[in-house]
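K.L.:
To start, I am sharing the structure in question, which I have written as structure tokens.
Protein chains: 4
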Amino acid sequence: MSFAPPDFSAARFAKSPDAKFIPAPADGVLPEKFFSTTNLPTYVRVKGQWRMPREPRMDASLVLASDGEVWVREMRRIKKGDPVAVGYAEDGSEGIFVHSEAFLGEAAEGEFKFMTSEVSREKPIDYAQMARLLIDERARGGYPIWVCGPALVHSRARADMTWFIANGFVGALLAGNAVGVHDIEASIFSTTLGMTSGGEATSGGHGLHMRAINQVRAAGSIEAAVAKGIVKDGIMHACVTHKVPYVLCGSIRDDGPLPGVYTEMAAAQDAMKAHTVKATMAILIATALHAIATGNMLPAFVTGKDGSVRELPTICVDSSEFVVSKLKDRGTHQAFGVVTNAQDFMHILRLYVERELDARKGAPK
Amino acid sequence: MSFAPPDFSAARFAKSPDAKFIPAPADGVLPEKFFSTTNLPTYVRVKGQWRMPREPRMDASLVLASDGEVWVREMRRIKKGDPVAVGYAEDGSEGIFVHSEAFLGEAAEGEFKFMTSEVSREKPIDYAQMARLLIDERARGGYPIWVCGPALVHSRARADMTWFIANGFVGALLAGNAVGVHDIEASIFSTTLGMTSGGEATSGGHGLHMRAINQVRAAGSIEAAVAKGIVKDGIMHACVTHKVPYVLCGSIRDDGPLPGVYTEMAAAQDAMKAHTVKATMAILIATALHAIATGNMLPAFVTGKDGSVRELPTICVDSSEFVVSKLKDRGTHQAFGVVTNAQDFMHILRLYVERELDARKGAPK
Amino acid sequence: MSFAPPDFSAARFAKSPDAKFIPAPADGVLPEKFFSTTNLPTYVRVKGQWRMPREPRMDASLVLASDGEVWVREMRRIKKGDPVAVGYAEDGSEGIFVHSEAFLGEAAEGEFKFMTSEVSREKPIDYAQMARLLIDERARGGYPIWVCGPALVHSRARADMTWFIANGFVGALLAGNAVGVHDIEASIFSTTLGMTSGGEATSGGHGLHMRAINQVRAAGSIEAAVAKGIVKDGIMHACVTHKVPYVLCGSIRDDGPLPGVYTEMAAAQDAMKAHTVKATMAILIATALHAIATGNMLPAFVTGKDGSVRELPTICVDSSEFVVSKLKDRGTHQAFGVVTNAQDFMHILRLYVERELDARKGAPK
Amino acid sequence: MSFAPPDFSAARFAKSPDAKFIPAPADGVLPEKFFSTTNLPTYVRVKGQWRMPREPRMDASLVLASDGEVWVREMRRIKKGDPVAVGYAEDGSEGIFVHSEAFLGEAAEGEFKFMTSEVSREKPIDYAQMARLLIDERARGGYPIWVCGPALVHSRARADMTWFIANGFVGALLAGNAVGVHDIEASIFSTTLGMTSGGEATSGGHGLHMRAINQVRAAGSIEAAVAKGIVKDGIMHACVTHKVPYVLCGSIRDDGPLPGVYTEMAAAQDAMKAHTVKATMAILIATALHAIATGNMLPAFVTGKDGSVRELPTICVDSSEFVVSKLKDRGTHQAFGVVTNAQDFMHILRLYVERELDARKGAPK
């Protein structure tokens, strides 16, 4: 694609002044309001003429040569007294015009910016806001659904997940057989897939998840295994004892499965949808399969009693940007991505929720 | 954020008809032109009234109940004879309106779509187009700069890179000390970091790259090492013998370094910029540091002699989406991302260039 | 953990000579056989005494000071005439002992090496060997199972996959509903999830995969859709026309599903296992779920008629190291990891198979 | 590779009994001590003969058929009364032998295990142990070096990093120009690369890091900028006010740079090495370049005054497994990998250190 230069005879440029140049105060130092360049086509008005600076690049300054030519110069190459362009405006109103529309299109709202990607490990995570959301949902009787993958269990975020269930922050838990299996394996044998909480593979450990499944199958159901004291703590235990509904869906990689796992996929989807239609918030942690399955069923919005709609807050946590992008590529545009691991996410989120609860307790009425 | 329902008394809805419903031809089968749902707020006109369907989700159909209620139903749950909404339009012109603006904003041009992410391993790579670009650049005397990381050498894409240099597709090569070191190690010892081309770590191999550096230092320069027959093939050999300019920049992780490596960073940047100002195309392969450094210096455009500007084609190849996103987050918006490994990229690109050259040879004038 | 110094009175050190030092030939240049250091505890024999060099680090040399002290020195800091230790042996037989056992354990066979990780994008991929394996399997009547994820279809490796099926390299194809859906969507509409082969999201495209499913459901089966000319090319078409068995397994994220998809997970596992028990080779491409499911069922070995066993060649292709590591962490230790994208893998593998076939044709008998 | 069956006439098998089979207590339920299969060649002793079970796979049980054949059977396919093999031993001592050596080699210590990979996001992170290490180091006057990338600043872990510096846990800080730049940008403008702490790109923000650099260059040094009140808080401020030594190394991607940045790479390496030679612990966060550079210089051990050596604790934090694996592939075998993001790591580590300090305060002497 080729673009013609802007039409500087247009009305919008009629009042543009010449760019202003100020001498650099010292070697390698720019005047305070220096114009900081971008990598886009740029035009500088000098003696009534719009000129393109030479050697364009971003993060540099504009220096006027004695012959009227404008050069893009790195800060470190500036000499004391060099005439340096000043101004922040990129629309020509201070004599400098950055022709950004054609290049950036609407995505960037016509302005050169850094850090515009939607999902990145380099973006800060606002735990305080998520904590407030969760507490508000609980207060208003919302129905937050939590969707988890087994990494949550392997990474030993069980205790934190259990805390959220026990404290009323979970409307329903949607997961796969593996979450149930390794949670129960951890309760019975203190391992997950034979790995200790210290991350060590144990001798003979490869059969422990099978033994856990077998004990629950012998008991007849997860509920029975809890009642009989076989399963004493953890996520499934908390769901059973706190009467939080859960759906465990099967897949082709399942061992067992545990009793109660939906092994027929139409039935499994129906069971999930019974909760997604009620959801007022969704938290998807460390699972591509279940996150995308839930995203498929989840409206992007919640409808109020007055017919107004609001976005359904959807948080997707994964160690890589890929899962969140994939979820968005499957149409769950509203997902807010958090790139971190499950253990840390759960731990900090709980901490912030506890802090916010303390703060609200102490607040005057 | 909360949104009011659309104002259906507005002019744009004046001509909207009732939605049309057609009986499903069989259990689990929809009429051919069925309306396929999204996860966005949707309104269906039934007997003059706009209704929101119940149980909204994407990838489903709209079924009219006898009481006038509209339900969102999965294909598999459809019964023969169910009245199913038909039509493709989402703007109300066929009686169905998807209220997408508020939710999607401009990024999606106001339309629900899948696969809108910019960079993804799930996107096809158009090697044919890249091959044509490269051949066109060569034909018109362009100046494509290639920027490479050491993974290109470790993965044994040396032969393909050498071919591009030898055949006039490389204006200049920008890389780090490690590319030079392991390329020369491969020429002298057939290993890179002591690893064979079969991917095996060799006994005593950890010192081989140091011995390679030492031989070049003893020779005095890379050029001298080529002249003396110490370096017999590969990337650096091709640059020297084909007189393709190269810049090797230093970093804190360098061993040696090789003679000729720029170890002062201002000088290194100046040496790179001597090529970026001439660049008409940029190919960045398997390097975060050098890709971002080059991106910093590279204009997003090429200026023609007539003052018109065109986008500077910038291809960024990496095994993960992250590096490309990071590059874009640092302002190199024009980068086109290819998510693959260096070996495969180079191999296929060369194959397509060879095919295109053959095709052009055979073409009638 | 703390380790005592080695017992240098032990028999193994009885014949150790003093280390040999040779003057550096020039500033910044080492004698040819210089000893290249590691980061492990190292002992140098000087005048009968074992000394630890000062300032230890890897990739450096050992210089003897006039007071008998040994210093670790970077190549660039060497001055002409500095006495530099020479020798390659790290076992004390040339007067230098690297105490590696305690630190590295068995994993590294007691030797300091680079590039020892099992799975890395920096490792070369030996397509020639994979091509020979596939051709040998075909020649001997083996049963290679191919397990694919939808990225293979999105990335437009359909044509290559189709070629492998048509040419007898596929014993059975194991995949999910999505592979079938998007393959058939590509055949009917030339899109996958509404994305063109150029990677662009299309207007109205979000419903195309649903329309593809609907057409096959209306036809009654994939076989019927092929027979009726609805599905004219691609992976499923090739399986049907070349009578290559396939298994499509369901999951909770499925739309439709296509007729013939196993939606009950026990039945799905049984259907997969009917092929895994016959497998003599496995190629797993761009799928975590199906790769791990197959790995669960797959023996690590093939048993010959004489009772001898050989490793079952298992190739796992993914864009990230994570899936391969996860597969190994689930016990499929024999998996060989290829870190690249599906499109490129398929394209190059086919190319190498074609070349090898040509080479074998031309070979004298 | 092909392996002969084990020699069962060998002495080690002389005392092997027949395998013991026990009836399954119910459909789909195994006897408690059931033998859990692996995917490796397995031999079961039945009536004095060693037999290979049919249809081998992992995570299943062994069932004896009436004709003496042994079948591998999934738990769900077991019928009440099926004779199921019991025992945990895989060495033949209970009549079942798993021929693992040939297949697994030394890496797995000859035993089939799950979760043996070295670095994985699925492994739990032991923050308590890291906290104890840090406090112990401070107590004994150790010299922990911290090596950070700019993601630490972008993700707003500045406050936590500042806390560690202020409280005596940092011997020296090694970083690049970008860490200094964005830390100071955050202090002056509350943005990093123009992004707010809420993760939003700001209008006009692309120049803010350049303005921050310019202010420090105008002041003459970072120390002067702190003294003049230009830089009021953050990482660099803490280093200056708490007299914690820091090294900022340059690279080709640097803007500015800040005064005091080492721009010559040999000098930069020397400046880093002045700290690595004193290091008793190393924490590498969110940086490939600086982590590998530091790893190159860092011994794998610390030498005590008595000549004993202990491993130098080296923690490497990154969002992907790749950086840690790459570090190990460059010889820093001792690195312990933590796969998470910088913000969360810093936050939780500080929390655990504070808790441990509180606990120690309260402890009786």
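Protein chains in written order, with my numbering: chain Y, 422 to 786; chain E, 422 to 786; chain G, 422 to 786; chain D, 422 to 786. Beta carbons: idealized from backbone N, C-alpha and C, even for Gly. Just so we're clear, the structure is a prediction, and the values are computed from it rather than from any experiment.
Is the distance from the Cβ of T463 (chain E) to the Cβ of G563 (chain E) below 8 Å?
P.N.:
Working through the second sequence from its first residue, we reach residue 463 (chain E) at position 42. Working through the second sequence from its first residue, we reach residue 563 (chain E) at position 142. No, Cβ-Cβ distance for T463 (chain E) and G563 (chain E) is not below 8 Å.
K.L.:
Give every residue of the same chain whose Cβ lies closer than 8 Å to the Cβ of N460 (chain E), excluding the five residues on either side of it in the sequence, and list them in chain order.
P.N.:
Counting from 1 along the second sequence, the entry for residue 460 (chain E) is found at position 39. For N460 (chain E), where only same-chain residues beyond five positions count, the Cβ hits under 8 Å are P477, R478, M479, F533.
K.L.:
Closest to S521 (chain D) by CA distance: which of G:R731, G:V745, G:E777, G:E742 is it?
P.N.:
Your numbering for residue 521 (chain D) matches position 100 in the fourth sequence. The candidate whose alpha carbon is nearest that of S521 (chain D) is G:R731.
K.L.:
Could you give the residue range of the beta strand (DSSP E) that holds Q470 (chain E)?
P.N.:
Within the second sequence, residue 470 (chain E) is the residue found at index 49, counting from 1. Element bounds for Q470 (chain E): 470–472.
K.L.:
Where do the ends of the beta strand (DSSP E) carrying I706 (chain Y) lie?
P.N.:
Residue 706 (chain Y) sits at position 285 when you count from the first residue of the first sequence. Start and end: 702–706.
K.L.:
Give a yes or no on whether the minimum CB-CB distance between R674 (chain D) and chain E is below 8 Å.
P.N.:
Your numbering for residue 674 (chain D) matches position 253 in the fourth sequence. It does: the Cβ of R674 (chain D) has a partner Cβ on chain E nearer than 8 Å.
K.L.:
Just to check my reading of the structure: M693 (chain D) and M657 (chain D) have Cβ atoms closer than 8 Å, yes? What is that Cβ distance to the nearest angstrom?
P.N.:
Walking along the fourth sequence from the start, residue 693 (chain D) turns up at place 272. Walking along the fourth sequence from the start, residue 657 (chain D) turns up at place 236. Separation of the CB atoms of M693 (chain D) and M657 (chain D) is rounded to 17 Å, and the pair is thereby denied contact status at 8 Å.
K.L.:
To the nearest angstrom, how far is the alpha carbon of S729 (chain Y) from that of Y548 (chain Y)?
P.N.:
Within the first sequence, numbered from 1, the residue matching residue 729 (chain Y) stands at position 308. Within the first sequence, numbered from 1, the residue matching residue 548 (chain Y) stands at position 127. Between S729 (chain Y) and Y548 (chain Y), the C-alpha separation is close to 27 Å.
K.L.:
For A687 (chain D), go through chain E and note every residue whose CB falls closer than 7 Å to its CB, in chain order.
P.N.:
Residue 687 (chain D) sits at position 266 when you count from the first residue of the fourth sequence. Within 7 Å Cβ-Cβ: T684.
K.L.:
Check the Cβ of N717 (chain E) against every Cβ in chain D and list those closer than 8 Å, keeping chain order.
P.N.:
As a first step, residue 717 (chain E) is located in the second sequence; it is residue number 296 there, counting from the start. By Cβ distance, chain D contributes R674, D676.
K.L.:
List, in order along the chain, the chain G residues whose C-beta lies closer than 7 Å to that of V760 (chain E)?
P.N.:
Sequence index remark: in the second sequence, residue 760 (chain E) carries index 339 (1-based). Chain G residues near V760 (chain E): S740, N762.
K.L.:
Determine which residues share a DSSP beta bridge with A597 (chain Y) and list them.
P.N.:
Counting from one through the first sequence, the residue named residue 597 (chain Y) turns up at place 176. Here the sequence assigns Gly to residue 597 (chain Y), which means Ala is not the residue at that position. Partner(s): Y:C670.
K.L.:
What would DSSP say about I546 (chain D), mapped onto helix, strand or coil?
P.N.:
Translated into positions along the fourth sequence, residue 546 (chain D) becomes position 125. Coil, per DSSP.
K.L.:
Using a Cβ cut-off of 8 Å, pull out every chain D residue sitting near M693 (chain E), in sequence order please.
P.N.:
For the purposes of this step, residue 693 (chain E) is taken as the residue at position 272 of the second sequence. Under the 8 Å cutoff, chain D gives I673.
K.L.:
Just to confirm, is the Cβ distance from V484 (chain D) to P452 (chain D) under 8 Å?
P.N.:
If you number the fourth sequence from 1, residue 484 (chain D) lands on position 63. If you number the fourth sequence from 1, residue 452 (chain D) lands on position 31. Contact: no.
K.L.:
Just to confirm, is the Cβ distance from G449 (chain D) to R638 (chain Y) under 8 Å?
P.N.:
The residue you call residue 449 (chain D) lines up with position 28 of the fourth sequence. The residue you call residue 638 (chain Y) lines up with position 217 of the first sequence. Yes.
K.L.:
Would you report the Cα separation of G628 (chain E) and E621 (chain E), rounded to the nearest angstrom?
P.N.:
Translated into positions along the second sequence, residue 628 (chain E) becomes position 207. Translated into positions along the second sequence, residue 621 (chain E) becomes position 200. Going by the C-alpha atoms only, they are around 15 Å apart.
K.L.:
Give me, in chain order, the residues of the same chain whose beta-carbon lies closer than 8 Å to that of D404 (chain D); leave out the 5 immediate sequence neighbours on both sides.
P.N.:
One cannot answer for residue 404 (chain D) here, as it falls past the ends of chain D, which runs 422 to 786.
K.L.:
Which residues of chain E have a Cβ atom closer than 8 Å to the Cβ of V568 (chain G), listed in chain order?
P.N.:
In the third sequence, residue 568 (chain G) corresponds to position 147, counting from 1. When 8 Å is used as the limit between beta carbons, V568 (chain G) is near no residue of chain E, the shortest such separation being about 17 Å.
K.L.:
Please identify the residue among Y:K436, Y:F585, Y:A646, Y:D739 whose C-alpha is closest to the C-alpha of H711 (chain Y).
P.N.:
Your numbering for residue 711 (chain Y) matches position 290 in the first sequence. Nearest option by C-alpha distance: Y:D739.
K.L.:
Could you work out which residue in D:H630, D:E495, D:I713 is closest to V602 (chain D) when comparing CA atoms only?
P.N.:
Numbered from 1 along the fourth sequence, position 181 holds the residue referred to as residue 602 (chain D). When each option's Cα is compared against that of V602 (chain D), the closest is D:H630.
K.L.:
For S624 (chain Y), which of D:T537, D:C737, D:I586 has the nearest alpha-carbon?
P.N.:
Position 203 of the first sequence holds residue 624 (chain Y). Ranking D:T537, D:C737, D:I586 by Cα distance to S624 (chain Y) puts D:T537 first.
K.L.:
Whose CA, out of E:V507, E:C569, E:Q550, lies closest to the CA of A763 (chain E)?
P.N.:
Residue mapping note: residue 763 (chain E) aligns to position 342 of the second sequence, counting from 1. Closest option to A763 (chain E), Cα to Cα, is E:C569.
K.L.:
I need the straight-line Cα distance from H768 (chain Y) to T735 (chain D), nearest angstrom please.
P.N.:
Working through the first sequence from its first residue, we reach residue 768 (chain Y) at position 347. Working through the fourth sequence from its first residue, we reach residue 735 (chain D) at position 314. About 24 Å.
K.L.:
What first and last residue would you give for the alpha helix (DSSP H) that runs through G716 (chain Y)?
P.N.:
Along the first sequence, one-based indexing puts residue 716 (chain Y) at 295. Residues 709–718.
K.L.:
Please list, in chain order, all residues of the same chain as V723 (chain G) whose beta carbon is under 6 Å from its beta carbon, the five residues on each side excluded.
P.N.:
As a working note, residue 723 (chain G) is residue 302 in the third sequence. These residues qualify, in order along the chain: T701, R731, L733.
K.L.:
With 9 Å as the limit, tell me which residues of the segment 491–503 of chain D have their beta carbon closer than that to any beta carbon of chain Y; keep them in chain order.
P.N.:
E495, M496, R497
K.L.:
Over the uninterrupted alpha helix (DSSP H) stretch that includes L770 (chain E), give me the two end residues.
P.N.:
The sequence position of residue 770 (chain E) within the second sequence is 349, counting from 1. Here the alpha helix (DSSP H) through L770 (chain E) covers 763–783.
K.L.:
Does the beta-carbon of D488 (chain Y) have 16 or more other beta-carbons within 10 angstroms, so that it is buried, or is it exposed?
P.N.:
On the first sequence, position 67 is the one that residue 488 (chain Y) refers to. Exposed: under 16 other Cβ atoms inside 10 Å.
K.L.:
For A640 (chain Y), which of Y:G508, Y:I605, Y:Y667, Y:P545 has the nearest alpha-carbon?
P.N.:
Taking the first residue of the first sequence as 1, we reach residue 640 (chain Y) at position 219. Out of Y:G508, Y:I605, Y:Y667, Y:P545, Y:I605 has the C-alpha closest to the C-alpha of A640 (chain Y).
K.L.:
State yes or no: is the beta carbon of P446 (chain Y) nearer than 8 Å to at least one beta carbon in chain E?
P.N.:
Here residue 446 (chain Y) is taken as the residue at index 25 of the first sequence, counted from 1. Not closer than 8 Å to any Cβ of chain E, the Cβ of P446 (chain Y) fails to qualify, so no.
K.L.:
Less than 6 Å between C-beta atoms, sequence neighbours within five positions excluded: which residues of the same chain meet that for Y773 (chain Y)?
P.N.:
Reading the first sequence from its first residue, position 352 is the one you call residue 773 (chain Y). If we look at Y773 (chain Y) and ignore the five residues flanking it on each side, its Cβ neighbours are Y548, A549, A552.
K.L.:
Less than 8 Å between CB atoms is the rule here; does F590 (chain D) satisfy it with respect to chain G?
P.N.:
Position 169 of the fourth sequence, counted from the start, is the residue given in the question as residue 590 (chain D). Taking Cβ atoms only, chain G never reaches closer than 8 Å to F590 (chain D), which makes this a no.
K.L.:
Is the CB-CB distance between F456 (chain E) and R751 (chain Y) below 8 Å?
P.N.:
Looking up residue 456 (chain E) in the second sequence gives position 35. Looking up residue 751 (chain Y) in the first sequence gives position 330. Going by C-beta atoms, F456 (chain E) is not nearer than 8 Å to R751 (chain Y).
K.L.:
If you follow the beta strand (DSSP E) that D739 (chain G) is in, where does it begin and where does it stop?
P.N.:
Stepping through the third sequence from its first residue, residue 739 (chain G) is reached at position 318. Residues 735–739.
K.L.:
If we count the other Cβ atoms within 10 Å of its Cβ and call it buried at 16 or more, is R674 (chain G) buried or exposed?
P.N.:
Along the third sequence, one-based indexing puts residue 674 (chain G) at 253. Label assigned to R674 (chain G): buried.
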